[in-house]
Amino acid sequence: MTDKLNDVDYYSVLNCDKSASYKELKQNYQVLIRKYHPDKCAGSPNHFITIDKAWKTLKDEKLRTQYDTYLQTQAEFDSAVVFAQLAKSDLIFNKENLMNYPCRCGSSFVIYQEYIEEEECLVECNECSNCLLIK
Numbered sequence: 001m002t003d004k005l006n007d008v009d010y011y012s013v014l015n016c017d018k019s020a021s022y023k024e025l026k027q028n029y030q031v032l033i034r035k036y037h038p039d040k041c042a043g044s045p046n047h048f049i050t051i052d053k054a055w056k057t058l059k060d061e062k063l064r065t066q067y068d069t070y071l072q073t074q075a076e077f078d079s080a081v082v083f084a085q086l087a088k089s090d091l092i093f094n095k096e097n098l099m100n101y102p103c104r105c106g107s108s109f110v111i112y113q114e115y116i117e118e119e120e121c122l123v124e125c126n127e128c129s130n131c132l133l134i135k
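So the sequence shown is numbered by the UniProt record's numbering: it starts at 1 and just counts up by one.
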């Protein structure tokens with residue numbers, strides 16, 4: 001979905017904002033692909049490859065929606081107030097496949113076993129803005 005090695009923003013790669021139309025994306029892609037094509041540019045072909053990946057992701061409506069969702073999730077993740085961090089191996093679930101973890105506000109985090117299938121998971125407190133990071 002994205003270049004996780006360097007967290008490339010495909011909209012920035014194509015010099016567009018997130019509200020850009022298909023036509024705008026395509027025009028910018030065509031300008032950039034000509035400018036950075038390996039036959040015309042003596043530099044590294046990596047930028048050309050990144051431009052192509054950005055276009056292939058954003059031109060497809062389904063992939064673009066998935067990418068936009070990913071960006072929104074990352075933004076939420078980056079701005080979260082992490083109260084504590086737990087290892088998946090430390091979690092003990094009850095018969096209903098959930099567990100509660102106390103929050104400093106007096107409420108609790110409700111953690112469902114199915115939530116932690118991702119590499120990292122943020123669970124929000126039921127009452128406040130604190131989050132629990134599960135790795």
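Where a beta carbon is used, it is the ideal one built from N, C-alpha and C, also for glycine.
What distance in whole Å lies between the Cβ atoms of TYR10 and LEU86, which are believed to be in contact at a cut-off of 8 Å?
The Cβ separation is near 33 Å, so there is no contact.
By how many angstroms is the C-alpha of SER129 removed from the C-alpha of GLN30?
44 Å
Using a Cβ-Cβ cutoff of less than 8 Å, which residues in the same chain neighbour ASP39 once the five nearest sequence positions on both sides are dropped?
none
Do ALA54 and GLN132 have their beta-carbon atoms positioned less than 8 Å apart in this structure?
According to the sequence as given, residue 132 is Leu; it is not Gln. Not a contact, by the Cβ cut-off of 8 Å.
Out of VAL82, VAL81, ASN100, which one is the CA nearest neighbour of ASP90?
ASN100
With distances taken between CB atoms, is the gap from LEU98 to VAL81 smaller than 8 Å?
no
Can you grab the Cα-Cα spacing for the pair THR2 / SER107, in whole Å?
Here THR2 scores only 49 on pLDDT, less than 50, and its place in the model is too uncertain to base an answer on.
Across which residues does DSSP place GLN87 in a beta bridge pair?
The displayed chain sequence assigns Ala, not Gln, to residue 87. DSSP lists no partner for ALA87.
Take the Cβ of ILE49 as the centre, count every other Cβ of all protein chains shown within 10 Å, and call the residue buried at 16 or more, exposed below.
exposed
Could you compute how far the alpha carbon of PRO45 sits from the alpha carbon of ARG34?
12 Å
ILE49 - containing beta strand (DSSP E), residue span
ILE49 -> not in any beta strand (DSSP E); alpha helix (DSSP H) instead, spanning 46–58.
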